[in-house]
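Trainee: First to last, the sequence lines map onto chains A and B. Numbers 1 to 355, taken from this note's numbering, label the letters of the first sequence in order. Numbers 1 to 338, taken from this note's numbering, label the letters of the second sequence in order. The structure that follows is given in the form of structure tokens.
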Amino acid sequence: MTEAVELANLTVRFGDFTAVENANLRIQAGEFFSFLGPSGCGKTTILRTISGFIDPTEGAVRIGGQDMRGVGANQRPTALIFQSLALFPMMSVADNVGYGLRVRGVAKALRDRKVDELLNVVALGDQGGKQVDELSGGQRQRVAIARALAVEPQVLLLDEPLSALDLKLRQHMRNELRAIQRRVGITFIYITHDQGEALTMSDRIAVMNQGRIEQVGDGRTVYDAPDTGFVASFVGETNAIPGRITATADGEAALETPLGVLRGRNPQTLPVGTAAQLYVRPEMLLPDPTTPENRLSATVEDHAYEGNLTHLACRAAGLRLTVLLGARDRRAPPASGASIALGFAAGDARVLPVA
Amino acid sequence: MRSSDGHIFVLLLPLLVIAGFALIALVDRRQGRVTGPGFFARNGVGIGLYLLLAVSFWALLVIVLPQLFMVEMAFRPKLPPAATGGPRDVYTLENFRYFLYGSTTSTAAWNVTHLTAFWKTIVASILVTAGNFLLCYPLAFYMAQMAKAARVRLLLLLLIAPYWVNEVLRAFAFRVILGTSGVLNKLLLGAGLIDAPVDFLGLDVGLYAGLSYAYLLLMIFPLYNAIESLDGRLIEAARDLGAPWWRIHKDIVIPFAKPGIASGCTLVFMLTSGALAAPLVLGGPRSLWFTPIVYDRFYQAFNWPQGSAYAFILLLTCVAFVLAVLRLGKLSLGEITR
């Protein structure tokens with residue numbers, strides 16, 4: 001399979017500020033790829049560099065194997081969907097969708113047919129004659145998608161396009177975007193700070209922090225097997241317990257912590273004596289543990305009932321711990337101030353260097 | 001109707017219009033279509049009275065009445081003071097006849113001099129307006145979309161500062177530069193580019209340059225305002241979709257800025273066609289601008305009715321032209337004043 005987009009040693013600086021530092025990445029053709037990170041992490045800069053609005057300071061962007069140096073944004077086989085959508089207010093819906101074809105000199109009859117086709121793809125078949133401001137938020141969203149797809153890009157770039165929508169519509173559009181991507185089969189590169197969006201839609205995710213790509217992998221890998229402390233705490237909730245490694249064996253490490261000796265997987269094979277953190281997900285911290293390894297006791301401070309689950313805020317040896325109880329757990333949650341026994345399997349925890 | 005009644009009519013007309021509107025407001029309130037606190041209740045009596053007096057003074061005494069009196073005067077004959085109000089003081093079209101035929105009575109020959117000057121003025125104003133737009137659009141676009149804030153402030157200052165100098169002085173400055181023994185000719189002669197001085201003023205270069213410069217700001221600012229409110233991402237979106245730069249301007253920026261463009265062009269066109277200082281100072285010996293002719297009707301011929309008629313004709317033509325262009329551009333008057 002060929003690469004749709006390749007970033008090779010890509011660095012982008014604005015004056016003294018390094019927005020993207022030495023990014024290396026191969027995005028496969030037909031992949032739904034997401035960049036996930038907090039605002040200011042450089043993900044939008046990467047997107048704008050791929051689309052040609054920013055020139056790399058160092059390194060290269062290759063699209064379909066070709067170096068894009070010196071190729072203007074209007075010449076690249078990419079199409080960008082802006083966070084603000086940037087629909088043209090002076091044009092009708094159909095003219096918006098057909099604009100890319102018009103500037104390419106596509107004859108009107110052909111253009112009209114193509115526009116109709118695309119409006120049908122995004123379920124706006126009868127809305128072509130309307131003005132952009134007559135549409136609802138979700139409809140506008142779909143116009144932007146159709147407009148970008150009209151130019152038949154090899155790569156579709158999406159810059160947090162769902163962030164302006166309300167929750168229900170956002171969830172609906174997630175499925176719709178994924179469905180459209182499967183239907184047209186082109187590469188989607190998606191920017192978001194919402195881990196739920198990234199996890200549900202993407203084939204693979206690049207988690208970014210402070211200009212660096214911290215980890216690339218599918219959603220399960222990023223969530224279950226984070227490479228760094230940042231990834232562990234940014235993607236989903238986690239409990240971080242600091243300590244020092246006292247023993248290593250069989251890909252696991254024992255950590256001397258304020259809560260006693262705890263064991264977890266040691267993916268980076270950190271040596272004995274290293275200061276490290278042990279990360280364990282709230283849903284992996286089980287009350288009334290049956291596992292022999294990793295037991296600890298904590299005091300319940302508060303609990304919040306959320307319908308499908310219950311959040312327990314606990315404290316142990318001065319550390320805050322979060323525990324998730326599933327709805328299946330019919331027992332009454334322990335009262336505040338009560339002592340609770342917790343445990344987790346070593347395979348469900350990861351020992352990573354201090355960030 | 002005798003013309004002495006005309007003055008009463010002119011005075012009464014705006015008052016009747018005001019009374020009409022007051023009546024409509026009153027009826028609306030009586031029938032409950034308008035509710036809530038009234039004008040004085042909202043603003044207080046003091047401020048309310050001040051607003052009322054200030055606005056009526058400004059609108060009536062400064063704008064409406066002088067214009068109406070001028071229109072009224074355009075339809076009266078020129079008479080010695082003793083004959084005013086006498087039997088010969090009746091409404092007439094003789095001033096308009098004079099504009100067309102060069103005589104108050106005969107229609108045998110066209111008034112070629114004045115008609116030519118009139119049409120030349122209109123056509124030249126259109127050209128000056130178009131030239132002004134071509135000059136200002138790139139600058140306005142640069143300031144509104146590309147330049148950094150500090151650069152914009154500097155440019156605005158540089159644009160505004162020359163306008164602290166009086167309009168007549170600025171016109172004379174063009175004479176100093178463009179005259180046969182002026183700075184530009186000296187430079188060109190010194191550089192050996194020409195053998196004899198070029199008569200820029202005689203060729204009307206001075207006039208057009210002076211007119212373009214005189215109202216530059218009135219073109220720049222509406223354009224700048226309009227383009228500044230354009231979301232830069234629309235430009236990026238068009239570029240991303242493959243549009244070359246000129247298409248972005250044609251399809252995105254200009255349609256978006258259309259109200260600003262219309263506003264700037266209207267201002268510049270109206271003011272250029274009515275300009276007096278630049279044509280007086282910079283007009284060559286063969287160029288005859290229309291406004292100096294109007295000026296002469298008043299102050300050389302002492303024929304105020306004829307001057308009024310000429311001014312009225314110019315105003316009417318310009319307004320008609322502007323409205324026609326707005327109609328063609330599918331714009332309303334309300335849009336260009338945004």
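We treat Cβ as the ideally placed atom computed from N, Cα and C, and that holds for glycine. As the structure is a computational prediction, the values presented were derived from the model and not from experiment.
Hey, could you find the ends of the alpha helix (DSSP H) Asp112/A is sitting in?
Mentor: First-last of the alpha helix (DSSP H) with Asp112/A: Lys108 to Val121.
Trainee: Over the uninterrupted beta strand (DSSP E) stretch that includes Tyr190/A, give me the two end residues.
Mentor: Run containing Tyr190/A: Thr187 to Thr192, per the beta strand (DSSP E) assignment.
Trainee: Within the stretch 103 to 155 of chain B, note down every full beta strand (DSSP E) run reaching 3 residues or more, in order along the chain.
Mentor: List check, beta strand (DSSP E) in window: nothing returned.
Trainee: Use the C-beta contact count for Trp245/B: other C-beta atoms within 10 angstroms, 16 or more gives buried, fewer gives exposed.
Mentor: Under this definition Trp245/B is an exposed residue.
Trainee: For Ser125/B versus Ser263/B, is the C-beta spacing smaller than 7 Å?
Mentor: In this structure, Ser263/B does not lie closer than 7 Å to Ser125/B by Cβ.
Trainee: Would Met208/A and Gly42/A qualify as a contact pair, given that the criterion is a beta-carbon distance under 7 Å?
Mentor: Yes, Cβ-Cβ distance for Met208/A and Gly42/A is below 7 Å.
Trainee: Does the Cβ of Gly105/A have 16 or more other Cβ atoms within 10 Å, making it buried, or fewer, making it exposed?
Mentor: Per the 10 Å Cβ criterion, exposed.
Trainee: Hey, quick one: how far does the beta strand (DSSP E) through Leu321/A stretch, first residue to last?
Mentor: Counting along the chain, the beta strand (DSSP E) containing Leu321/A begins and ends at Leu319 to Gly326.
Trainee: Take Phe96/B as the anchor and find which of Ala74/B, Pro80/B and Val90/B has the nearest alpha-carbon.
Mentor: That would be Ala74/B, whose Cα lies nearest to the Cα of Phe96/B.
Trainee: Assign Ile145/A to buried or exposed, taking buried as 16 or more other Cβ atoms, counted over all protein chains shown, within 10 Å of its Cβ.
Mentor: Buried, by the Cβ-count rule.
Trainee: Please state the DSSP three-state secondary structure of Arg244/A.
Mentor: Arg244/A: strand per DSSP, three-state reduction.
Trainee: Is Val61/A closer than 7 Å to Thr78/A when the C-beta atoms are compared?
Mentor: Result no, Cβ atoms of Thr78/A and Val61/A do not sit closer than 7 Å.
Trainee: Given 8 Å as the limit, is there contact between the stretch 136 to 156 of chain B and the stretch 215 to 232 of chain B, that is, 3 or more CB pairs closer than that?
Mentor: These segments touch.
Trainee: Could you compute how far the alpha carbon of Thr339/B sits from the alpha carbon of His114/B?
Mentor: The structure shown does not extend to residue 339/B, since chain B is modelled only from 1 through 338, so no value can be given for it.
Trainee: Note down, one range per segment and in chain order, each alpha helix (DSSP H) of at least 4 residues found wholly within the stretch 254 to 284 of chain A.
Mentor: Those alpha helix (DSSP H) runs which fall completely within the stretch 254 to 284 of chain A and span 4+ residues do not exist here.
Trainee: Under 7 Å between beta-carbons, which chain A residues line up against Ala237/B? List them in chain order, please.
Mentor: Within 7 Å Cβ-Cβ: Phe82 and Ala86.
Trainee: Anything in chain B within Cβ reach of Val103/A, meaning under 7 Å, just list it in chain order.
Mentor: What Val103/A touches in chain B: Leu241, Gly242, Ala243 and Arg247.
Trainee: Measuring CA to CA, which of Glu283/A, Ile241/A and Asp218/A is closest to Ala275/A?
Mentor: Out of Glu283/A, Ile241/A and Asp218/A, Ile241/A has the C-alpha closest to the C-alpha of Ala275/A.
Trainee: So, using beta-carbon positions, are Val5/A and Leu241/B closer together than 7 Å?
Mentor: No. Outside cutoff.
Trainee: Just to confirm the assignment: which complete alpha helix (DSSP H) runs, minimum length 4, are found wholly within the stretch 210 to 248 of chain B?
Mentor: The qualifying runs are 216 to 228, 232 to 240 and 245 to 248.
Trainee: I want to verify the contact list: residues of chain B whose CB lies under 8 Å from the CB of Tyr99/A, in sequence order.
Mentor: Neighbours of Tyr99/A on chain B, chain order: Ala238, Leu241, Ala243 and Asp251.
Trainee: Quick one, which of Ala257/B, Tyr295/B and Leu217/B has its alpha-carbon nearest Gly307/B's?
Mentor: The shortest C-alpha separation from Gly307/B is found at Tyr295/B.
Trainee: List the whole-angstrom C-beta distance separating Val216/A from Leu25/A, where the pair is believed to meet the contact cut-off of C-beta under 8 Å.
Mentor: Contact holds; Cβ gap of about 7 Å.
Trainee: Which whole-angstrom value is the C-beta distance of Pro258/A and Gly326/A, which I expect to be below 8 Å?
Mentor: Actually they are not in contact, since the Cβ atoms of Pro258/A and Gly326/A sit about 28 Å apart, beyond 8 Å.
Trainee: In the DSSP assignment, find the unbroken alpha helix (DSSP H) run with Glu167/B in it and report its ends.
Mentor: From DSSP, the alpha helix (DSSP H) with Glu167/B extends over Glu167 to Leu178.
Trainee: Compare the Cα-Cα distances from Leu158/A to each of Asp166/A, Asp112/A, Arg178/A and Lys168/A and report the closest residue.
Mentor: Out of Asp166/A, Asp112/A, Arg178/A and Lys168/A, Arg178/A has the C-alpha closest to the C-alpha of Leu158/A.
Trainee: Which first and last residues belong to the alpha helix (DSSP H) in which Asp95/A is found?
Mentor: Run containing Asp95/A: Val93 to Val103, per the alpha helix (DSSP H) assignment.
Trainee: Excluding the five sequence neighbours on either side, which residues of its own chain have a C-beta within less than 6 Å of the C-beta of Asn43/B, listed in chain order?
Mentor: Cβ neighbours of Asn43/B beyond the five flanking positions: none.
Trainee: Taking DSSP as the reference, what is the three-state secondary structure of Arg69/A?
Mentor: Arg69/A falls in the coil class under three-state DSSP.
Trainee: Where does the unbroken alpha helix (DSSP H) through Asn369/A begin, and where does it stop?
Mentor: The structure shown does not extend to residue 369/A, since chain A spans only 1 to 355, so no value can be given for it.
Trainee: What is the rounded straight-line gap between the Cα of Thr228/A and the Cα of Glu214/A?
Mentor: Each residue's alpha carbon lies about 7 Å from the other.
Trainee: Can you list the alpha helix (DSSP H) stretches of 4 or more residues lying completely in the stretch 14 to 65 of chain B, in chain order?
Mentor: The qualifying runs are 39 to 43 and 45 to 56.
Trainee: Would Gly59/A pass as a contact of Thr11/A if the rule is Cβ separation under 7 Å?
Mentor: In this structure, Thr11/A lies closer than 7 Å to Gly59/A by Cβ.
Trainee: Could you tell me which chain B residues have their CB closer than 8 Å to the CB of Ser51/A, listed as they occur along the chain?
Mentor: Correct list: Asp240.
Trainee: Would you report the Cα separation of Pro38/A and Asp16/A, rounded to the nearest angstrom?
Mentor: Cα to Cα, the separation comes out at about 21 Å.
Trainee: Using a Cβ-Cβ distance cut-off of 7 Å, determine whether Val151/A contacts chain B.
Mentor: Output row for Val151/A: interface = yes.
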